[in-house]
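K.L.:
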Amino acid sequence: MSTTTTETPLTTSIDGKACAERVLDEVADDVARLADEGIIPGLAVILVGEDPASQVYVRNKIRKAEAVGIRSLEYRFDDTLPQAELLALIARLNDDPEVNGILVQLPLPANIDEASVIQAILPAKDVDGFHRQNAGGLWQGLPSLAPCTPTGCLRLLRETCGELAGKHAVVIGRSNIVGKPMAALLLDADCTVSLLHSKSRDAAALCRQADIIVAAVGRPGMVDANWLKPGAVVIDVGINRIESETGGERRTRLVGDVDFAAASQVASAITPVPGGVGPMTIAYLMQNTVTATRLQRHQASAAEPA
22 MSTTTTETPL TTSIDGKACA ERVLDEVADD VARLADEGII PGLAVILVGE
72 DPASQVYVRN KIRKAEAVGI RSLEYRFDDT LPQAELLALI ARLNDDPEVN
122 GILVQLPLPA NIDEASVIQA ILPAKDVDGF HRQNAGGLWQ GLPSLAPCTP
172 TGCLRLLRET CGELAGKHAV VIGRSNIVGK PMAALLLDAD CTVSLLHSKS
222 RDAAALCRQA DIIVAAVGRP GMVDANWLKP GAVVIDVGIN RIESETGGER
272 RTRLVGDVDF AAASQVASAI TPVPGGVGPM TIAYLMQNTV TATRLQRHQA
322 SAAEPA
């Protein structure tokens, strides 16, 4: 007598590191083509203060820029830097034709107004994609620099899902950095998009209707298996540091907004934390620097007299 067993396919862990390397290879090819034209893209990175996480992020960004052939300029200041001096530096970088991208690492010290700093960056050099002109252009479908994290998420979704048109996507979180631009990018990809936030009613029931979930709220493990439709694709943007004690030793580990173990029993594919979205953010910062370089060349050509 034979016994037939039905096994549930294993959930795919979406490899953000591998996808990021493919993006970086594409960027390196673009940089090489620009170099053939005598153009070397330049990225200026500004760090104010001693935040440990920011120190790591800036170091990684500089290293990746050098790896793909982008010329990097690094400006470091302590947290006593006056806002006026920071704005004066940004003005000089805006006017420097050899600087194609300007990135101010966030968060900034309390004595500096982040919004004023972001709006001071020339939109065509705003490689973070946070300037209001870029945000408006994204929603209107105009050529603009989009924030790196949601753009990286979209690339992961395209590689995982293939055609996105017609799929129902739920974005959890409405921040200007991830949630809102993610919704705009998904709409542009012809998805049906629901954008959830702290005032949304019965968020779990809305998520259970989704083919795609992008979680970006900063609440560890908020999304579990009960929030998911079987076979959904889950992109976890959350990076939460959790303290735990093992054998009398305290440790810090990174977890996402999604309960990875539980969600893996239901989702068809999911990004891990770490190793999922994080590498894509830096990869698309490099891509945005190349895009900004080409955008500035186009603007300069258009401004030349006929």
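Under our numbering, the letters of the sequence shown match residues 22 to 327, in that order.
Ideal placement from N, C-alpha and C gives every residue a C-beta, glycine not left out.
All figures in this text were calculated on a predicted structure; none of them were measured in a lab.
Based on the DSSP output, what are the partners of Arg330 in its beta bridges?
P.N.:
Outside the displayed span of the chain (22 to 327) sits residue 330, for which this structure offers no information.
K.L.:
Give the DSSP bridge partners of Leu127, in chain order.
P.N.:
Sequence index remark: in the sequence shown, residue 127 carries index 106 (1-based). DSSP lists no partner for Leu127.
K.L.:
Out of Ile193, Cys182, Ile198, state which residue places its alpha-carbon closest to the alpha-carbon of Pro16.
P.N.:
Outside the shown range of the chain, which is 22 to 327, sits residue 16, and nothing can be said about it.
K.L.:
When the cut-off is 8 Å and only beta carbons count, does Ala190 lie next to chain D?
P.N.:
The structure shown contains no chain D; it holds only a single protein chain.
K.L.:
Taking Thr310 and Val148 to be in contact with their CB atoms under 8 Å, please state how far apart those CB atoms are, rounded to whole angstroms.
P.N.:
Against the sequence shown, residue 310 aligns to sequence position 289. Against the sequence shown, residue 148 aligns to sequence position 127. With a Cβ gap of about 5 Å, Thr310 and Val148 count as contacting.
K.L.:
Which of helix, strand or coil does DSSP assign to Thr310?
P.N.:
The count along the sequence shown starts at 1 and reaches residue 310 at position 289. Here Thr310 sits in helix by DSSP.
K.L.:
Spatial neighbours of Leu64 within its chain, please: C-beta separation below 6 Å, excluding the five flanking residues on both sides.
P.N.:
Position 43 of the sequence shown, counting from 1, holds the residue named residue 64. Excluding its 5 nearest sequence neighbours in each direction, Leu64 has C-beta neighbours in its own chain below 6 Å: Ala86, Ile91, Ser93, Gly122, Thr310, listed in chain order.
K.L.:
Would the beta-carbon of Ala284 fall within 8 Å of that of Ala246?
P.N.:
As a first step, residue 284 must be located in the sequence shown, where it is residue number 263. As a first step, residue 246 must be located in the sequence shown, where it is residue number 225. A contact, by the Cβ cut-off of 8 Å.
K.L.:
Where does Leu107 fall in DSSP's three states?
P.N.:
Start at 1 with the first residue of the sequence shown, and residue 107 comes out as number 86. When DSSP states are grouped into helix, strand and coil, Leu107 belongs to the helix group.
K.L.:
When you compare only the Cα positions, how much space is there between Leu249 and Ala231?
P.N.:
As a first step, residue 249 must be located in the sequence shown, where it is residue number 228. As a first step, residue 231 must be located in the sequence shown, where it is residue number 210. Distance between the alpha carbons of Leu249 and Ala231 is about 8 Å.
K.L.:
Does Ile303 come out as helix, strand or coil in the three-state DSSP assignment?
P.N.:
Translated into the one-based positions of the sequence shown, residue 303 becomes position 282. The answer is helix: DSSP assigns Ile303 an H, G or I state.
K.L.:
Shortest alpha-carbon distance to Gly194 belongs to which of Gly183, Ala205, Pro164, Ala236?
P.N.:
If you number the sequence shown from 1, residue 194 lands on position 173. Residue Ala236 is the option with its Cα nearest to Gly194.
K.L.:
Where do the N-terminal and C-terminal ends of the beta strand (DSSP E) with Ile234 fall, by residue?
P.N.:
Taking the first residue of the sequence shown as 1, we reach residue 234 at position 213. Where Ile234 is concerned, the enclosing beta strand (DSSP E) starts and stops at 233-236.
K.L.:
Specify, as a first and last residue, the run of the alpha helix (DSSP H) that Thr170 falls within.
P.N.:
Residue mapping note: residue 170 aligns to position 149 of the sequence shown, counting from 1. From DSSP, the alpha helix (DSSP H) with Thr170 extends over 169-182.
K.L.:
Please list, in chain order, all residues of the same chain as Ile67 whose beta carbon is under 6 Å from its beta carbon, the five residues on each side excluded.
P.N.:
Working through the sequence shown from its first residue, we reach residue 67 at position 46. Hits under 6 Å: Tyr96, Val125.
K.L.:
Classify Met22 as buried or exposed, calling it buried when 16 or more other Cβ atoms lie within 10 Å of its own Cβ.
P.N.:
Here residue 22 is taken as the residue at index 1 of the sequence shown, counted from 1. In this prediction, Met22 has a pLDDT of 40, which is less than 50 and means its spatial position is unreliable; what the coordinates show is noted afterwards. Classification of Met22: exposed, given that the 10 Å Cβ count is below 16.
K.L.:
Since Glu119 is in the alpha helix (DSSP H), which residue starts that stretch and which ends it?
P.N.:
Position 98 of the sequence shown holds residue 119. From DSSP, Glu119 is part of no alpha helix (DSSP H); its letter is neither H nor E.
K.L.:
Which of the three DSSP states is assigned to Ile83 in this structure?
P.N.:
Looking up residue 83 in the sequence shown gives position 62. If DSSP states are grouped into helix, strand and coil, Ile83 belongs with the helices.
K.L.:
Compare the beta carbon distance of Thr292 and Ile234 with 8 Å and say whether it is the shorter of the two.
P.N.:
Walking along the sequence shown from the start, residue 292 turns up at place 271. Walking along the sequence shown from the start, residue 234 turns up at place 213. Inclusion of Thr292 and Ile234 in the CB contact set at 8 Å is not warranted, their separation being larger than that value.
K.L.:
Please look up how many angstroms separate the CB atoms of Cys174 and Val298, rounded, as I've assumed it's under 8 Å.
P.N.:
Here residue 174 corresponds to residue number 153 of the sequence shown, with the count starting at 1. Here residue 298 corresponds to residue number 277 of the sequence shown, with the count starting at 1. Confirmed, about 6 Å.
K.L.:
Could you check whether the region 299-308 touches the region 40-55, counting it as contact only if at least three pairs of C-beta atoms, one from each stretch, sit closer than 8 Å?
P.N.:
yes
K.L.:
Based on DSSP bridge pairs, tell me the residues matched to Leu217.
P.N.:
The residue given as residue 217 occupies position 196 in the sequence shown. Leu217 is bridged to Ile193.
K.L.:
Answer yes if the region 133-148 comes into contact with the region 75-82, meaning at least three C-beta pairs across the two stretches below 8 Å, and no otherwise.
P.N.:
no
K.L.:
Using CA coordinates, which residue listed in Gln76, Ala88, Val138, Pro128 is at the minimum distance from Glu106?
P.N.:
Within the sequence shown, residue 106 is the residue found at index 85, counting from 1. Here the closest residue by C-alpha is Val138.
K.L.:
Alpha carbon to alpha carbon, how far is Cys169 from Asp36? Give it in angstroms, no decimals.
P.N.:
Within the sequence shown, the letter at position 15 stands for residue 36. Within the sequence shown, the letter at position 148 stands for residue 169. Their backbone Cα atoms lie some 17 Å apart in a straight line.
K.L.:
Starting from the N-terminal side, write out each stretch of the alpha helix (DSSP H) that is 4 residues or longer and does not extend beyond the region 213-298.
P.N.:
Qualifying alpha helix (DSSP H) stretches, in chain order: 224-228, 281-284.
K.L.:
Starting from Gly162, trace the alpha helix (DSSP H) both ways and give me its first and last residue.
P.N.:
On the sequence shown, position 141 is the one that residue 162 refers to. No alpha helix (DSSP H) contains Gly162, which DSSP labels as neither H nor E.
K.L.:
Would you please state the rounded distance, in angstroms, between the beta carbons of Val287 and Pro251? I believe it to be under 8 Å.
P.N.:
By 1-based counting over the sequence shown, the position of residue 287 is 266. By 1-based counting over the sequence shown, the position of residue 251 is 230. Rounded, the Cβ-Cβ distance is 6 Å, consistent with contact.
K.L.:
Starting from Ala4, trace the alpha helix (DSSP H) in both directions and tell me its first and last residue.
P.N.:
Coverage of the chain is limited to positions 22 through 327, which leaves residue 4 absent and any answer about it impossible.
K.L.:
In angstroms with no decimal places, state the Cα-to-Cα distance between Pro241 and Val89.
P.N.:
The sequence position of residue 241 within the sequence shown is 220, counting from 1. The sequence position of residue 89 within the sequence shown is 68, counting from 1. Here the C-alpha atom of Pro241 lies approximately 34 Å from the C-alpha atom of Val89.
K.L.:
With a threshold of 16 other CB atoms inside 10 Å of the CB of Gly187, please say whether the residue is buried or exposed.
P.N.:
Counted from its first residue, the sequence shown places residue 187 at position 166. The residue is exposed, with fewer than 16 neighbouring Cβ atoms inside 10 Å.
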